[in-house]
Amino acid sequence: MVGEKQTSVGGSVSAAVSNLSSALRQVNLGNSNTTTDQSNINIDFHNRMNRQQLMGEAQRNNLNAQQAEELLRQQEAHQQQQLQQAQQQQQQQQQYVGPAQIDSSRISKFFQNQPEEGYTIFSHRSAPNGFKVSIVLSELNLQYNTIFLDFNIGEHRAPDFVAINPNARVPALIDHSMDNLAIWESGAIILHLVNRYYRETGEPLLWSENMGEQAHITAWLFFQTSGHAPMIGQALHFRYFHSQKIQSAVDRYTDEVRRVYGVVEMALAERREALIMELDTENAAAYSAGTTPLSRSRFFDYPVWLVGDKITVADLSFVPWNNVVDRIGINIKLEFPEVYKWTKHMMRRPAVIKALRGE
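One point on numbering: in UniProt numbering, the residue at position 128 of the sequence shown is 128, and numbering is uninterrupted.
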């Protein structure tokens, strides 16, 4: 059921931005599901290097074969001990499931008396994926309430919440008017919302009535959930939260984020060129000949979207993560100008402002 229309929120773009980006730097990641075998990788690497060094040392000191093998045996035994200690430490970290005591009273109270209609989204104030769902709910003018979980007291481990979301992460959504249907994973939640809205109203808002366009929207949505968000998340983790500084990991994920943005930038640039050639007909020949740059067109700052000629969930799913990518040293405005213009248009929308404020 489509809820009552929500009041739009005005204000500047700067006022629209929540504390999401700064919260990402402050969030307690003690319950993070991000694990690494970097300690094992380091030890294996040093094993190979030390063996080569020891063989060279044996040759320089004219040690016989038996002496060289004994030296290698002692060194490898020491390294094996280091490896076992690292594995034990990693297992202890993986076994950590949160606070010793979980305070689930607030969550239990909610599940004992759920609303009869509308939606409830479980989110976190530093979780871009939760805000992504809020943006869609707000754009569709659906009646919803947000419960921001407190990870520090283990609310995401509350039995009632785990029962509807076995991954024990955010976001999760309950559709109360569908017998409290629970959905987890942001992409699945978004597809449910736009498909239900379309079925009930006949209006493909943020969606499409064309099956070909639906397929393209879904492809971009999956690209965002599988390639865009996880790479930014890993880059943030290794830059700010990992127990040791691993520059190669920081560089690897930051470079991958740039590659992902390169894909989006090219798609938007192609859409921009097609739009200018279609609308700016009097100058189309000059643009084609290269005598006049596209930037001279009055349509150069006109909104363009990933699929079709209107905004969809394919576009909106990127917004919250674009809002925090500066934290990993990527300046969208300078490096990806089409992505910047695209994001700016979306960040000015009243529904996006409302969602990012956590209202």
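Note that the Cβ used here is the ideal one computed from N, Cα and C, for glycine as well. This one's a predicted model, so the numbers in the text were calculated from it and none came from an experiment.
- Spatial neighbours of F318 in its own chain (CB-CB distance under 6 Å, excluding positions within 5 residues in sequence) are listed in chain order as Q224.
- Take G187, set aside five residues on each side of it, and the residues of its chain with a beta-carbon closer than 6 Å to its own are L221, T225, in chain order.
- Here the alpha carbons of E256 and S248 stand approximately 12 Å from one another.
- Taking one beta carbon from each stretch, the stretch 320-332 and the stretch 277-297 have fewer than 3 pairs nearer than 8 Å; the two do not touch.
- If you compare the alpha carbons of G154, N129, M178, L356 with that of S108, the shortest gap goes to G154.
- Counting along the chain, T146 sits inside the beta strand (DSSP E) bounded by residues 144-148.
- DSSP places S248 in the uninterrupted alpha helix (DSSP H) bounded by 247-279.
- Annotated three-state conformation of W207 is coil, per DSSP.
- Exposure of D179 is indicated by the presence of fewer than 16 other C-beta atoms within 10 angstroms of its C-beta.
- Nearest in C-alpha terms to V170, of all of L181, P159, H176, F151, is F151.
- The beta-bridge partner set that DSSP reports for I174 consists of T120, A182.
- Scanning Y197, Q75, H237, A235 for the CA closest to the CA of V313 turns up Y197.
- Shortest Cα-Cα distance from M347 to any of R327, I311, E335 involves I311.
- Considering only L316, E359, G262, the residue with the shortest C-alpha distance to L334 is G262.
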